[in-house]
Amino acid sequence: MTDAPSGGWVLLLAQLPASPSSPRVTLWRRARAAGAVGLQNGAWVLPATDENRTFLEGLATYVRESGGTAYALDVAAGSSDDGIVARIRTERGKEFAEFTERGDALLAELEKESARDNYSFAELEENEQDLERLTRWLTTISSRDFFPDERGKDAEALLDRCRRALDAFTAAVYRAEGVAPDLPPRTD
């Protein structure tokens, strides 16, 4: 239980009518986006923080407004903590793995285009958009990484490598287009 949040947990117990299904889907999407783990049908848990409590209370209100019943409850740490922490870590692990795939794909794309000497503003714009998406995505993943470990640090390091590779590619595009003086890639 050493990894359990010191403040315990916030638990959402929600029950919605069978139809329409859209409120159940909305509940599921919002809970997952916040990093909540579903324990059973209609039971979602997050580490107890003011932000998570407010969020789950808001979801409870949404459920009631959608014709269901819901309760947001503070729950003390207990014997099930390790299992909950493991499930949360597993979910973040999947996200970090996918982030790594996408980051590696951006690095491979930059390498491929550099090998082809495809230094165009169109290619630069496409890769800048990919880096912006990766940056936003890592911010999102990190916001729900309640039990940080090396995976988050590794993802930050990968994002930094992507930034440096894009900086080098950007300098090459500007040189190829004759728009800027010979700019060395960033070394920080």
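Quick note on numbering: the sequence shown equals residues 881 to 1068 in this note's numbering. Even for Gly, the Cβ is constructed at its ideal location relative to N, Cα and C.
Exposed unless 16 or more other CB atoms sit within 10 angstroms - verdict on residue i
i, result
"Met881", "Reliability of the predicted coordinates at Met881 is poor, the pLDDT of 40 falling under 50, and the value obtained from them is presented with this limitation in mind. By the neighbour-count rule (16 or more Cβ atoms within 10 Å), Met881 is not buried but exposed."
"Arg904", "buried"
"Val1059", "exposed"
"Pro1028", "exposed"
"Asp962", "exposed"
"Phe958", "Sequence inspection shows Gly at residue 958; the Phe mentioned does not correspond to that position. Gly958 should be labelled exposed."
"Arg909", "exposed"
"Glu975", "buried"
"Ala874", "Past the boundaries of the shown model lies residue 874; the chain is included only from 881 to 1068, so the question cannot be answered."
"Glu991", "exposed"
Beta-bridge pairing of residue i - partner residues as DSSP gives them
i, result
"Tyr951", "Leu893"
"Val917", "Val925"
Boundaries (first-last residue) of the alpha helix (DSSP H) holding residue i
i, result
"Pro903", "902-913"
"Gly983", "961-995"
"Ala956", "Looking at the DSSP string, Ala956 is not in any alpha helix (DSSP H), and its letter there is neither H nor E."
"Val1059", "Looking at the DSSP string, Val1059 is not in any alpha helix (DSSP H), and its letter there is neither H nor E."
"Asn932", "930-945"
Selected residue, minimal CA-CA separation from residue i, among the options
i, options, result
"Asp960", "Tyr1054, Trp889, Phe935, Glu937", "The question names Asp, but residue 960 is Ser in the sequence shown. When only C-alpha atoms are compared, the closest one is Trp889."
"Leu1011", "Asn998, Arg996, Leu987, Glu931", "Leu987"
"Glu1005", "Arg1044, Thr1050, Leu953, Arg969", "Thr1050"
"Glu945", "Ala977, Gly963, Val965, Pro897", "Pro897"
"Arg972", "Leu893, Ala916, Ala1056, Trp908", "Ala916"
"Gly887", "Ala1045, Val925, Tyr951", "Val925"
"Leu1039", "Ala1052, Ser1023, Thr1015", "Thr1015"
"Glu981", "Arg1024, Ala913, Leu1018, Asp997", "Leu1018"
"Lys1033", "Ala977, Arg933, Gly948, Asp930", "Ala977"
"Gly922", "Ala995, Gly948, Tyr1054", "Gly948"
"Arg967", "Ser901, Asp1025, Glu937, Thr1020", "Asp1025"
"Pro927", "Arg1041, Ala1037, Ser1023, Arg1043", "Ser1023"
"Asn1007", "Ile1021, Val1053, Val965", "Val1053"
Residue-level contact to chain D via CB, residue i, 9 Å cutoff
i, result
"Thr949", "Checking the listed chains, one finds no chain D in this structure; it contains a single protein chain."
Check: residue i C-beta below 8 Å from any heavy atom of the ligand MG
i, result
"Val943", "Here there are no bound small molecules, and the ligand MG is not part of this structure."
Simplified DSSP assignment, three categories, for residue i
i, result
"Gly1032", "helix"
"Ser1022", "helix"
"Ala898", "coil"
"Met881", "With a pLDDT of 40 at Met881, under the threshold of 50, the modelled position of that residue is not reliable, and no figure is offered here."
"Phe1027", "coil"
"Asn998", "coil"
"Gly888", "coil"
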